[in-house]
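Heads up, the thing below is written out as structure tokens.
There are 2 protein chains.
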Amino acid sequence: MENIKKTTIHDIAQKLNVTASTVSRALNGNPRISDSTRKAVMKTARELNYEPNQIASALRSGRTQLIGMLVPTINRAFFSSIIRGVEEVANSLDYRVIVSQSNEVFDNEENAVKAFLNARVDGIIASIGKNTQQFDHYEQVLERGLPLVLFDRTTPHLQTSQVVIDDYQGAYLATSHLIEQGCTRIAHFTTERKIDIYKERYRGYVNALEDHGIERDEALIFSGNLQLEDGRSHAENLLRNKENFDAIFSASDYAAMGAMQVLKENGLKIPGDVALVGFLNEPFTSFTDPPLTSVNQFPIEMGHTAANLFFNALDSEKKKIIPKKTVLQPELIIRASSLKNSL
Amino acid sequence: MENIKKTTIHDIAQKLNVTASTVSRALNGNPRISDSTRKAVMKTARELNYEPNQIASALRSGRTQLIGMLVPTINRAFFSSIIRGVEEVANSLDYRVIVSQSNEVFDNEENAVKAFLNARVDGIIASIGKNTQQFDHYEQVLERGLPLVLFDRTTPHLQTSQVVIDDYQGAYLATSHLIEQGCTRIAHFTTERKIDIYKERYRGYVNALEDHGIERDEALIFSGNLQLEDGRSHAENLLRNKENFDAIFSASDYAAMGAMQVLKENGLKIPGDVALVGFLNEPFTSFTDPPLTSVNQFPIEMGHTAANLFFNALDSEKKKIIPKKTVLQPELIIRASSLKNSL
DNA sequence: TTTGTTTGCGCAATCGATTGCATAAATAAT
DNA sequence: ATTATTTATGCAATCGATTGCGCAAACAAA
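As given, the protein sequences belong to chains P and D, one line each in that order.
275 is the number that my numbering gives to position 263 of the first sequence; each next residue is one higher, with no gaps.
327 is the number that my numbering gives to position 315 of the second sequence; each next residue is one higher, with no gaps.
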């Protein structure tokens, strides 16, 4: 009943009166095998319904065809899209992706990396946790000579390939767009700028203002956790303080959404009274009323790029590993929330 | 420089003048090893920074500690949340999750399952493709005696454990809620009812109407792909045909969203003129204006349940495998889009 | 014909851990 | 004191594929 007994290369070998070595070589396309035996091997392999045991292969060859992928949160559109991107490239090359999430907890991150190493993955693609300050676990990956690719959340402490988007440029585009719409009093929602990406967005905002001769006003800059509630309270503060402002550029869509709610509740028109731009292009941004202008980071493409960097590193493993930093260009997706003048 | 040479149980054995067998047994908590040697083994294992090679272990023991997880689309909130749920349980038990997506293409689905088997996963958790009519690849999984758990999209053709939510109940709740709000002319957006879940939602809708003495009107029932565009066109049809309707229950949030857009564009008040309920509780539903009432399927919990069923099956593998069908109860999340009478 | 190359394949070790079956030593039972 | 048990460990095969080295046969060159 149970066909649990799988056929191995030995079964094929026996049937053809050759050795397992020959079968292995034939299956792997080794040129030192004659055409006739190769064909015979292929044929009986098919007949016997042979499926290679990747575990055995992995043990001997040291290659598992597995990529460990670590993200802060699996079920967030940005990250799940990156996973998707990686998976697409990996699968096309017969690699599989193991996913783990850190939930921004350092211990989880460390454990996940260790688990990946024990599972003998061929390398790791990861986005580091918000609060991670120590990188020994990643160093170990590099010490073993395994490819390590960081995306989005990276660190200068590690000499390895990275993919990020140009956060500066995204913020610059967003802010410039608001200025072009005639806004001059543009608030900015950001966070404690420990992480590069938010620093960069801030810098883009500031530089865009400067380049257009607008003075930065600290009273218009709010720092928080960039969640919906933060956006709400920032907006409430703006209103309570009777700040003069005609636009908000938020480093996160969620905070922008919070602001949108508060502004609407207070009878302000968007974009008439206040124009609004977010960041991340979360799926919900096209469903708000008005739809929210945001910055697309092309997460699927980022996943593709990360995977490509990974396979580059894998190829050059034996040679020199030259860490490569790829910077993707973001795109401003203009929607009604910021369109004061219809185009 | 490169500490590539990993320590193995043989290194530990040599240092302690015992054999690898003893070390292996000590590490695995075999009771036939004395306390003293066990401690010694543990100690030197730590000293030598020993990390087990799971590949070697897997080859011999036949257990890889890997779960293959197949979803139609990784980057959709519902599925990524389920992955998250599975990952949480799996990781806590020292299992890892390999994810693949079918994109609703049968070949992808088949290949993914084969790839999982070649990677020698310990079992599979999957949601079958929309158009899958053939189940040989899944049969193979069962023939090998591996646990197979299906979630959300299941099929009666396979004798295996399943987790679904009670779509009937969700639809019944949603429809009843609309009736309680005073609606009597309730439209329904559905799809060609090949897949169980939509059949069930339809049935819940119909039964709720019947139970409240409301006659079903075929003119109010629309079938399509349940995407935003479908919702828009259904709503346009309703308006064009001058149908008398005061509510819409859509089997998908996207179609509900499309309807919301069209209704608002035509100056109708929601929920004043038309009350609206969706299904799935997509993240965006709380950000629409008005926020969209929807049915929560508890995807993370569904992932937990799927994982638990998986490990149950794994335990009882050797014994009788009793397929278990778990039905989770959905929850109606009431938001402004359907609240005619404030509570 | 003799020597030199290819070509095609076999031998046997190896990857690192697991495990059924001995076996020696220690302990208990008679 | 002798036999029966238990306890602790070793031996060696095994999981299935890969691979360096070697060797015979076939072919080419001289």
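Ideal Cβ placement from N, Cα and C applies to all residues, glycine included.
Quantities reported herein were computed from a predicted structural model and do not represent experimental measurements.
Supposed contact pair residue j and residue i - C-beta distance, whole angstroms, cut 8 Å
i: D:Tyr214; j: D:His200; result: 7 Å
i: P:Lys337; j: P:Gln181; result: Not really, about 15 Å apart at Cβ, beyond 8 Å.
i: P:Thr166; j: P:Ile140; result: 7 Å
i: P:Leu82; j: P:Ala138; result: 4 Å
i: D:Glu313; j: D:Gly97; result: 6 Å
i: P:Pro283; j: P:Ser349; result: 6 Å
i: P:Leu238; j: P:Thr203; result: 5 Å
i: P:Arg347; j: P:Thr305; result: 5 Å
i: P:Arg108; j: P:Gln77; result: 6 Å
i: D:Ala32; j: P:Ile67; result: Wrong, their Cβ atoms sit about 19 Å apart, outside the cutoff.
i: D:Leu129; j: P:Glu63; result: 7 Å
i: P:Phe147; j: P:Leu170; result: 6 Å
Residue i - DSSP class collapsed to helix/strand/coil
i: P:Thr19; result: coil
i: D:Asn61; result: coil
i: D:Ser46; result: coil
i: D:Gln26; result: helix
i: P:Glu14; result: Caution is warranted here: a pLDDT of 38 is assigned to P:Glu14, below 50, making its placement in the model unreliable, and the coordinate value is therefore given only provisionally. In the structure shown, P:Glu14 sits in coil (DSSP, three-state: anything other than H, G, I, E or B).
i: D:Ala138; result: strand
i: D:Lys8; result: Residue 8 of chain D is absent from the structure shown; chain D starts at 13 and stops at 355.
i: D:Ala287; result: strand
i: P:Ala127; result: helix
i: P:Phe310; result: coil
i: P:Gly216; result: helix
i: D:Ile67; result: helix
i: D:Gln171; result: coil
i: D:His224; result: coil
i: P:Lys281; result: coil
i: P:Phe257; result: coil
i: D:Val161; result: strand
i: P:Thr56; result: helix
i: D:Thr300; result: coil
Segment limits, alpha helix (DSSP H) that includes residue i
i: P:Phe90; result: 89 to 104
i: P:Ser328; result: No alpha helix (DSSP H) holds P:Ser328; DSSP gives it neither H nor E.
i: P:Ile191; result: 179 to 192
i: D:Val35; result: 32 to 39
Under 9 Å from the C-beta of residue i: neighbouring residues of chain P
i: D:Pro168; result: Neighbours of D:Pro168 on chain P: none; closest Cβ ~22 Å, over 9 Å.
i: D:Leu275; result: Within chain P, no residue comes near D:Leu275; the closest Cβ sits about 12 Å away, beyond 9 Å.
8 Å Cβ cut-off: residues of chain P touching residue i
i: D:Phe299; result: Met269, Phe296, Phe299, Thr300
i: D:Arg96; result: Thr85, Ile86, Asn87, Gln113
i: D:Ala127; result: Asn103, Asp106, Arg108
i: D:Glu227; result: Correct list: empty, because the minimum Cβ distance to chain P is about 33 Å.
i: D:Glu99; result: Ile86, Val111, Ser112, Gln113
Listed by chain order, chain D residues near residue i by CB distance under 7 Å
i: P:Ala131; result: Gln66, Arg108
i: P:Asn103; result: Ser112
i: P:Glu121; result: What P:Glu121 touches in chain D: nothing, since even the nearest Cβ is about 12 Å away.
Residue span of the beta strand (DSSP E) that contains residue i, given as start and end
i: D:Lys352; result: No beta strand (DSSP E) contains D:Lys352, which DSSP labels as neither H nor E.
i: D:Leu251; result: Run containing D:Leu251: none in the beta strand (DSSP E); it sits in the alpha helix (DSSP H), 240 to 252.
i: P:Ser112; result: 108 to 113
i: P:Lys276; result: That residue, P:Lys276, is in no beta strand (DSSP E); its alpha helix (DSSP H) goes 265 to 277.
i: P:Glu343; result: 343 to 345
i: P:Ile233; result: 233 to 235
i: D:Val339; result: 337 to 340
i: P:Leu154; result: Premise fails: P:Leu154 lies in the alpha helix (DSSP H), 148 to 155, not in any beta strand (DSSP E).
i: D:Ile357; result: Nothing can be reported for residue 357 of chain D, as the shown portion of chain D is limited to 13 through 355.
Per-residue contacts from residue i into chain D (C-beta, under 9 Å)
i: P:Ala89; result: Asn87, Arg88, Ala89, Ser92, Pro295
i: P:Thr76; result: Ile67, Ala131
i: P:Ala231; result: By Cβ distance, chain D contributes nothing, its closest Cβ being about 28 Å from P:Ala231, past 9 Å.
Cross-chain neighbours of residue i in chain D, by beta carbon under 8 Å
i: P:Glu59; result: Neighbours of P:Glu59 on chain D: none; closest Cβ ~17 Å, over 8 Å.
i: P:Glu63; result: Lys126, Leu129, Asn130
Chain P residues whose Cβ lies nearer than 7 Å to that of residue i
i: D:Thr20; result: Near D:Thr20 there are no residues of chain P at all, since even the closest Cβ is about 12 Å away, more than 7 Å.
i: D:Ala70; result: Ile67
Self-check item: Cβ contact check for the stretch 49 to 64 of chain P and the stretch 122 to 129 of chain P: 3 or more pairs under 8 Å
Solution: no
Quiz item: Are the stretch 290 to 304 of chain D and the stretch 151 to 164 of chain D in contact at 8 Å, needing three or more beta carbon pairs?
Solution: no
Quiz prompt | Inter-stretch contact (C-beta, 8 Å, three-pair minimum) for the stretch 221 to 232 of chain D and the stretch 263 to 278 of chain D | solution = no
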